[in-house]
Each structure stands twice: as structure tokens, then as C-alpha cells.
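S.K.: Attaching a single structure in C-alpha cells format; questions to follow.
Residue numbers (our numbering): 2 to 264.
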């Protein structure tokens, strides 16, 4: 049976944790995500330059080891969505979703008819290229595909409940960083506006049987607080952030040690 580890964890009432990928180009990043307790990769095509073959190479390794390869595309109108899904990507994150109409366009690119308009292919890597009857493959792929709509603007925030109500959406994901910029409160992650947005997303998700997500808020305590309130889809940090933090900690510690008498 085709499964999605993110959906399974969220449906069990647990938080799925994602590693944001902006720097890595090797499929080994999937193994690092697995080793560090992440459930999915958040491959960021909106802010970084990837070619399609690189994404699919990462996706195939992730699939093989039980990590969900999720891609944030450029917009609800990104023409590569169906191509990514046909070739092994488990979910699509759509940035800057500002209305229910845009959410329906996002769903339409990811879901097969009658909900969406995704075209049928064959020889799907999700089934290890085994021949599968279309009558079985289509519903299995639909169930395993994750559709995430990001709320990142004042306009999107105003339409949050309507977006959550669109059939086929799995996650309403609050992008705290961009949302605060849109509200004129850049960098103020403890501002009540963020908590209010998250609470609205959690309530709307619960009402429609989907899940709330939180991104852009790179702080363990704030992420933990969001999870305790009901968030189930969380991006922890970027690969760039993890690498620079660990490298900085090491060199700082080494220079401190060298400065101590007798070392």
C-alpha cells in the first residue's frame, strides 16, 4: 500500500517535522533528514535554484527510506507541479495562497479528476515502476499526495477559513516570516498576530478535517508551543541554517579553548 509518512504522522495526532532544503544538491540530504529525526524534506524551489533531475534524484532516495519528498513550488500556477508528482515527489507546497480560488487552482494541479485536473501517466516510481491498473493507481496516489497551502500575506490571512474549506487541501501552513512582513511587523515572531493566525489555522483545519502548519519561525521554543496548540506540519530549519549554526558553534568553541590559559 502506498503511504505518506507525513500524512500518517499527522493523522496519528503527532507533528511531522521537515528539513528545509535550499543548499544541498545530493540525494544524501534525504539520509541526513532520516538520521536527524525528520519526516519530510521541504525542497524550496521558490527561493533556490534546482533543476528537475536534481529534485527527482533526491525524491527517489527519500521515498526509498521513508522520508517524504515535498517541494515548495513557485506559485499555484507553477507548470512543473504534475511533472514533479509523476516522478516521485510526495507533496506540493504552494506559497502565497491568497484566496479560495487560488487554493482550488492548487488542488487542481495535484489531484486527479473529479476533484482536480491532473493528467494520468504510467510507470510511477512510487510503485517502483510496477505495472498498476489505473483504477488502483489513481486513488492510491491521491491518498498519498500532500497538498499544502501557505498563508503568507494579509490577504491570505483574511481568506484563511475559505482556503481551509477547499476540498483537496491537506494543510494550511502559516508562513510566519512573510506574514509578519506583510503585516508591517517584520521579525516580530512573538507578536500576538502570529499566535492569532496560528490559532485560526488550527481551528479552521480542525473544522474541515485537515491540519495546520507552521513555517519560518526558526525557534525551538516557539515551534514547540505551536505544536502543543495543535500544529502538525512544521519545518524546523534550513540546511543552510543547520550547517552555519553547527560550524559557528565549533569554531567559537575552538577559539575559546585556545584562548584559555594552559591550552
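Even for Gly, the Cβ is constructed at its ideal location relative to N, Cα and C.
(1) Just to confirm the assignment: which complete beta strand (DSSP E) runs, minimum length 3, are found wholly within the stretch 25–78?
(2) What's the C-alpha gap between residue 259 and residue 242?
(3) Between the alpha carbons of residue 74 and residue 13, how many angstroms are there, rounded?
(4) Going residue by residue through the stretch 198–260, where are the continuous alpha helix (DSSP H) segments of at least 4 residues, counting only ones entirely within it?
(5) How many Å lie between residue 60 and residue 120 at the Cα?
(6) Mapping DSSP to helix, strand and coil, what is residue 116?
(7) By DSSP's criteria, residue 152 is part of a beta bridge. Which residues make up the other side?
(8) Measure the CB-CB distance between residue 165 and residue 180 and report whether it falls below 8 Å.
(9) Please classify residue 218: is it buried, with 16 or more other beta-carbons within 10 angstroms of its beta-carbon, or exposed?
(10) Classify residue 56: buried if its beta carbon has 16 or more other beta carbons within 10 angstroms, exposed otherwise.
(11) Which two residues bound the contiguous beta strand (DSSP E) that contains residue 18?
(12) Quick one: what's residue 164 bridged to in DSSP?
(13) Going straight from the alpha carbon of residue 45 to that of residue 137, what length do you get?
(14) Going straight from the alpha carbon of residue 129 to that of residue 62, what length do you get?
(15) Contact between the stretch 68–82 and the stretch 247–261: three or more CB pairs below 8 Å?
(16) With residue 58 and residue 96 assumed to form a contact (beta carbons below 8 Å), what rounded beta-carbon distance in angstroms separates them?
M.R.: A quick look at the data gives this:
(1) 41–45, 69–73
(2) 26 Å
(3) 27 Å
(4) 221–230, 240–260
(5) 20 Å
(6) coil
(7) 175
(8) no
(9) buried
(10) buried
(11) 17–22
(12) In the DSSP output, where bridge partners are listed per residue, residue 164 has none listed.
(13) 31 Å
(14) 12 Å
(15) no
(16) Not quite, the Cβ-Cβ distance comes to about 23 Å (not below 8 Å), so this is no contact.
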